[in-house]
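Each number in the working numbering comes from the position in the sequence shown (counting from 1) with 72 added on.
Notes for the one structure printed next.
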Amino acid sequence: MDPRSEVLLRQAELFQGRLLLAGLPADDLLGQLPAASGWSWHAGELQTLERRFNGRCSFGVAPPPGEFDAAVLFLPKSRELTDYLLQALATRLAGRPLYLVGEKRAGIERAAKQLARLGRSRKLDSARHCQLWQVEIEQTPAAPQLDALAHHFTLELEDGPLQVISLPGVFSHGRLDVGSALLLEYLDNLPGGRVLDFGCGAGILGATLKRRYPQSELVLLDVDAFAVESSRRTLAANGLEAEVIAGDGIDAAPRQLTAIVSNPPFHQGVHTSYQASETLIERASEHLVSGGELRLVANAFLRYPPLIEQHLGACQTIIERNGFRIYRAVRA
Numbered sequence: 073m074d075p076r077s078e079v080l081l082r083q084a085e086l087f088q089g090r091l092l093l094a095g096l097p098a099d100d101l102l103g104q105l106p107a108a109s110g111w112s113w114h115a116g117e118l119q120t121l122e123r124r125f126n127g128r129c130s131f132g133v134a135p136p137p138g139e140f141d142a143a144v145l146f147l148p149k150s151r152e153l154t155d156y157l158l159q160a161l162a163t164r165l166a167g168r169p170l171y172l173v174g175e176k177r178a179g180i181e182r183a184a185k186q187l188a189r190l191g192r193s194r195k196l197d198s199a200r201h202c203q204l205w206q207v208e209i210e211q212t213p214a215a216p217q218l219d220a221l222a223h224h225f226t227l228e229l230e231d232g233p234l235q236v237i238s239l240p241g242v243f244s245h246g247r248l249d250v251g252s253a254l255l256l257e258y259l260d261n262l263p264g265g266r267v268l269d270f271g272c273g274a275g276i277l278g279a280t281l282k283r284r285y286p287q288s289e290l291v292l293l294d295v296d297a298f299a300v301e302s303s304r305r306t307l308a309a310n311g312l313e314a315e316v317i318a319g320d321g322i323d324a325a326p327r328q329l330t331a332i333v334s335n336p337p338f339h340q341g342v343h344t345s346y347q348a349s350e351t352l353i354e355r356a357s358e359h360l361v362s363g364g365e366l367r368l369v370a371n372a373f374l375r376y377p378p379l380i381e382q383h384l385g386a387c388q389t390i391i392e393r394n395g396f397r398i399y400r401a402v403r404a
């Protein structure tokens, strides 16, 4: 059981009615709170929850419809995303309680100050290195608009300016990260056909690829609903069309790909995790046609070349700069 869920269950008498659990972990909390439902923006956690609690959890960037007696927000990593989620939940809870739970190292005490903007807040519990806070929603705030919270910026690329729309919580929100910037310089000579942008984020790589290879069928994949929505908006802002998929890792990707391009993720919430990128390397050959190519950027200290050669074939380092390397491998 996730420690945040354990803290909630210490106060289980507060959570017996129609409860919405927002950003809930993929544990047994729904089993312990039979009247509760979930709202997730993480496709992998949703998949796990749906297997155990079919029909009790929704996915997306907005709260599900329906009436709730209370809601709990599991603190996300991003402060801007926390603001959006608190407001989105508060608009549905006039005169009712909203709870916030999170780990101390994730910044729950800082986030409690954000909670206080909605009413008189108080700390209910502190245990398992977590805290639980409550606020009664006295005045219903205006519903937050994602458009107003999005960061719009322009990248000057060799193919021309690219308009980017980044939503709160998306990797490298509102800016171009160093790894992607390097990879953007080395997208030439990819095989045409069906190309995947794995871990698409705000859609920068996918949109650039679609513009550079207009005859190719681009697929953009990310585990996060806010990233998926960002990618759709970035594509639309540039007059581009591509398939955008919410899914957990490379197993959610289509087969018969001619290329996979990626700046793979390395965070799971506040925790560092290389599982998604390592699984990508281990299973890329299952999704690539013969002669299909994997091209990715990664921190130079990561020991990816042996893993690539073990599962895909000879690994070429195209460039190393600013602590990053671009690797290329072709399926035999």
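Even for Gly, the Cβ is constructed at its ideal location relative to N, Cα and C.
May I ask you to report which of helix, strand or coil DSSP gives residue i?
i           : result
residue 175 : strand
residue 359 : helix
residue 79  : helix
residue 197 : strand
residue 258 : coil
residue 269 : strand
residue 280 : helix
residue 143 : strand
residue 298 : helix
residue 112 : strand
residue 313 : coil
residue 378 : helix
Do you know whose CA, among the options, lies nearest residue i's CA?
i           : options            : result
residue 329 : 388, 283, 263, 374 : 263
residue 268 : 223, 246, 324      : 324
residue 319 : 110, 134, 115, 208 : 115
residue 272 : 321, 219, 327, 134 : 321
residue 198 : 180, 145, 314, 150 : 180
residue 225 : 245, 160, 316, 215 : 245
residue 382 : 94, 355, 333       : 355
residue 311 : 278, 331, 297, 400 : 278
residue 133 : 256, 216, 395      : 216
residue 294 : 393, 274, 307, 288 : 274
residue 392 : 380, 333, 386, 374 : 374
Looking at residue i: is its Cβ nearer than 8 Å to the Cβ of residue j?
i           : j           : result
residue 370 : residue 349 : yes
residue 194 : residue 206 : yes
residue 86  : residue 104 : no
residue 239 : residue 175 : no
residue 202 : residue 97  : no
residue 108 : residue 102 : yes
residue 296 : residue 242 : yes
residue 353 : residue 309 : no
residue 143 : residue 118 : no
residue 89  : residue 141 : yes
Against chain D, with Cβ distances strictly below 8 Å, would residue i count as a contact?
i           : result
residue 195 : The structure shown contains no chain D, having only a single protein chain.
Are there 16 or more other CB atoms within 10 angstroms of the CB of residue i, so buried, or fewer, so exposed?
i           : result
residue 397 : buried
residue 343 : With a pLDDT of 46 at residue 343, under the threshold of 50, the predicted position of this residue should be treated as unreliable, though the coordinate-derived value follows. Counting Cβ neighbours within 10 Å, residue 343 comes out exposed, since fewer than 16 surround it.
residue 335 : buried
residue 365 : buried
If residue i sits next to residue j, beta carbons under 8 Å apart, how far is it from one beta carbon to the other, in whole angstroms?
i           : j           : result
residue 384 : residue 367 : So it is not a contact: roughly 11 Å between Cβ atoms.
residue 135 : residue 111 : 6 Å
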